[in-house]
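Scroll down for the structure; my scribbles are underneath it.
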Amino acid sequence: MKKLFFIVLLAFPYVESLAQRDINMGIIPAPVSVKKQSGTFKLDKTVVLISNDKTSAQSADLLNAFVVTKGGFSLREVKTATGDQRSIVLTSAGADQLPAEGYKIDISPKRITITGKDAGLFYGVQSVMQLMPDQKNNEILIDAAEINDFPRFKYRGLHLDVGRHMFPVSFIKKYIDLMAQYKLNNFHWHLTEDQGWRIEIKKYPKLTTVGSSRNGTIIGHHPGVNTDGEVYKGFYTQDEVKDVVAYAAARFINVIPEIELPGHSSAAIAAYPELSCFPERDTFVAENTPWSGSRKGKQVQQTWGVFDDVFVPTDNTFKFLENVLDEVMALFPSKYIHIGGDESPKEYWKESEFCQKLIKKLGLKDEHELQSYFIQRIEKYINSKGRSIIGWDEILEGGLAPNATVMSWRGEDGGIAAAQQKHDVIMTPNAGGLYFDHKQSESADEPTNIGGLAPYAKSYAYDPVPAVLTADEKKYVIGVQANVWTEYMRTPEKVEYFILPRLFSLSEIAWSPVERKNFKNFSEERLPRHLAKLDQDGTNYWVPTPLGQDESVMKGETFTLTLKEPVPGAKIYYTFDLTRPSETATLYTKPVKITVPKGQKQVFKTVVITPSGRRSVVTETILNNGAPEVKSK
Ligand code: ACM
8 MKKLFFIVLL AFPYVESLAQ RDINMGIIPA PVSVKKQSGT FKLDKTVVLI
58 SNDKTSAQSA DLLNAFVVTK GGFSLREVKT ATGDQRSIVL TSAGADQLPA
108 EGYKIDISPK RITITGKDAG LFYGVQSVMQ LMPDQKNNEI LIDAAEINDF
158 PRFKYRGLHL DVGRHMFPVS FIKKYIDLMA QYKLNNFHWH LTEDQGWRIE
208 IKKYPKLTTV GSSRNGTIIG HHPGVNTDGE VYKGFYTQDE VKDVVAYAAA
258 RFINVIPEIE LPGHSSAAIA AYPELSCFPE RDTFVAENTP WSGSRKGKQV
308 QQTWGVFDDV FVPTDNTFKF LENVLDEVMA LFPSKYIHIG GDESPKEYWK
358 ESEFCQKLIK KLGLKDEHEL QSYFIQRIEK YINSKGRSII GWDEILEGGL
408 APNATVMSWR GEDGGIAAAQ QKHDVIMTPN AGGLYFDHKQ SESADEPTNI
458 GGLAPYAKSY AYDPVPAVLT ADEKKYVIGV QANVWTEYMR TPEKVEYFIL
508 PRLFSLSEIA WSPVERKNFK NFSEERLPRH LAKLDQDGTN YWVPTPLGQD
558 ESVMKGETFT LTLKEPVPGA KIYYTFDLTR PSETATLYTK PVKITVPKGQ
608 KQVFKTVVIT PSGRRSVVTE TILNNGAPEV KSK
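Sequential numbering from 8 applies to the sequence shown in the numbering used here.
What follows is the structure, given as structure tokens:
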């Protein structure tokens, strides 16, 4: 008897924690802990807003602006609540006991208290905003609860390539807003590429008069079917950069500039050919590459890929880069400066007499060690200014720069090696669902993309901490990031399509404790709500396929297809006759039962159409009762 009692006692907290597991009141990323309480807080225009310190005033304004949008009324801001006045209180009292960036929310029928400071308070407000349902009769009812929350990783990043295609500052701000709403805190701004240099550098005006402009862009998937023949150009002025950095800082987002070296530097070389090993040599353009305008001299690239013409490691190049970095560091307060380091072919360095002599003079083994020398020299300069470098994992080759943080993109091996060498690591493996330029489904309807398959479920499944690391080594994994390369994203709407809903998966793997991850709850309970908001806001996104349907082959004779719309209010249409489903097909209203004759198969095709008219890709499920398996398209 005594023993049984003991077991029950032990088991009870476990049962409770399982029950708690799925409670997160719709918040993405799932908070560390949520305890529901009884009652509701009625938010209406009689509620007062209290924020007594300077740092919380900004978060209070944010909250009030949201209440105006959501409820159509604003809250009066007061110093203290009187008598039975209901209030929302933002406070830093007690916040020193919370983990970094952490917050606490206490919701009772009388009061909502958000405790935190700086980023913590900001995130607390973000969570409260997510808790608000639509207003009904001029009031918003929020369930009582107690929430404790803080991030798993201190680095939660999202990258954007503006070299291949660039986007207006207004969109960069929208991108930053999305990041902030989902508690991401590092915006990696990839500013220089073979196809365009996108940041004004006053000392080197040709970087933008020449380097920010290409004479055309390939049409279609690389190598392309033609050139569009249009000049594509643009760059961010230093004033615009300052504006973006300040905008991000107000949302507790650090902006990390990336200045690519020594590779991906065709645009800089087009502007200043002396940065090349072979200044007189024409930019190499393969015979079959669609091209617009002259093929002579140094050209900004018009096609995608990796190019041999990289920076020559002369003193002149280092002086150039130091001058560029001086201006960059004056614009970006970020501790980290990203120096690229990826995909830098060694062909020109092998051919170059200067490089070969330098290798000998420095006693280096090969061109990989020359790259390491290059990176280390730049690191020394950046460190001398009190900053640190991040580089892609190729910077491991030939020896890691002493203080470098490694971004592991070619799988996890680079990250594992760096952590074992006691270097900080940010995980962003291209096969881990974190390359948001990969397609989101197998459907033939996916827009042109770089290749690779990364559905949001795959992004969600990724754990940034490799199991092979020891407990000590694991501490070097400071975070996770997703990358957005824009070869095939020409417009903001396309970028939105590629990042959403994967950004939600990233948010949860970057912030929530592993024990709180729950894909079923994420995809079926929370995602629909967040997608509904995008649908209303006019933000583009990849519309998920019907819940309950897989792109798969199901075997059997009788099937019951039970679906649910992935966005509230969306409609699902389907066909069995191999035609493309649309509004004129059968509307799904209840589980579909079907019997497939022996030796035959049926193709079940669906499309989702959301309240705003956005459409999912067409999804096929093959119901096979012994027929040969040939996928229909
Ligand atoms: C990369 O994707 N080349 C870092």
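Just so it is clear, CB atoms sit at the ideal spot from N, CA and C, and this is done for glycine as well.
Please read all numbers here as calculations on a predicted model, not as lab measurements.
Within the same chain, V472 come within 6 Å of K481 by CB-CB distance, once the 5 residues on both sides are set aside.
L510 and Y189 do touch by the CB rule: their CB atoms are close to 6 Å apart, below 8 Å. Counting only residues of its own chain and dropping the five nearest sequence neighbours on each side, H229 has a CB closer than 6 Å to the CB of W311.
Distance from the CA atom of Y581 to the CA atom of A592, rounded to whole angstroms, is 6 Å. Minimum Cα-Cα distance from F291 among the listed residues W196, K303, V54 corresponds to K303.
In this structure, the CA atom of F129 is about 21 Å from the CA atom of F80.
Within the same chain, E564, N632, G633 come within 8 Å of K605 by CB-CB distance, once the 5 residues on both sides are set aside. Sorting E522, G545, L460, V475 by C-alpha distance to the C-alpha of P499 places G545 at the top. Going by DSSP, H537 is part of the alpha helix (DSSP H) stretching over 534 to 544.
Contact annotation: I457 and W492 have beta-carbon atoms nearer than 8 Å.
Not one heavy atom of the ligand ACM falls within 7 Å of the beta-carbon of D201.
Ranking G422, H172, N193, I263 by CA distance to the CA of I225 puts H172 first.
Short note on D373: C-beta not closer than 7 Å to any heavy atom of the ligand ACM. The DSSP-derived three-state label of M186 is helix. Distances between the C-beta of E350 and the heavy atoms of the ligand ACM include at least one below 7 Å.
Checking the 7 Å criterion, the Cβ of W416 is within range of a heavy atom belonging to the ligand ACM. Between the alpha carbons of T216 and S272 lies a gap of roughly 16 Å. In the structure shown, P499 falls within a helical segment according to DSSP collapsed to helix, strand and coil. When DSSP reads this structure, H345 sits in a beta bridge with E265, I397. In the structure shown, E247 adopts helical secondary structure according to DSSP, grouped into three states. Closer than 7 Å to some heavy atom of the ligand ACM: that does not describe the Cβ of W311. With distances taken between CA atoms, V41 lies nearest to Y110 out of Y110, G241, K61, K86. In this structure the segment 196 to 210 does not touch the segment 122 to 139; the number of beta carbon pairs closer than 8 Å is below three.
With a threshold of 16 other beta carbon atoms within 10 Å, T120 meets it and is buried.
With respect to the 8 Å criterion, K77 and R93 are not classified as neighbours on the basis of their beta carbons. In the structure shown, the three-state DSSP call for K392 is coil. Annotated three-state conformation of D470 is coil, per DSSP. Secondary structure of L630 (DSSP, three-state): strand. DSSP, read as helix, strand or coil, puts E281 in helix.
Note that the C-beta distance between L441 and Y469 is below 8 Å. No Cβ-Cβ contact shorter than 8 Å links L50 with I183. Remark: the C-beta of W399 is in contact range of the ligand ACM, defined as less than 7 Å to any heavy atom. With contacts defined by Cβ atoms closer than 8 Å, I95 and L56 form a contacting pair.
With a cutoff of 7 Å, N31 does not count as near the ligand ACM, since its C-beta is closer than that to no heavy atom of the ligand. The beta-bridge partner set that DSSP reports for Y130 is empty. Taking C-beta separations shorter than 7 Å and ignoring five residues to either side along the sequence, the partners of P436 in its chain run S415, W416, G418, E419, following chain order.
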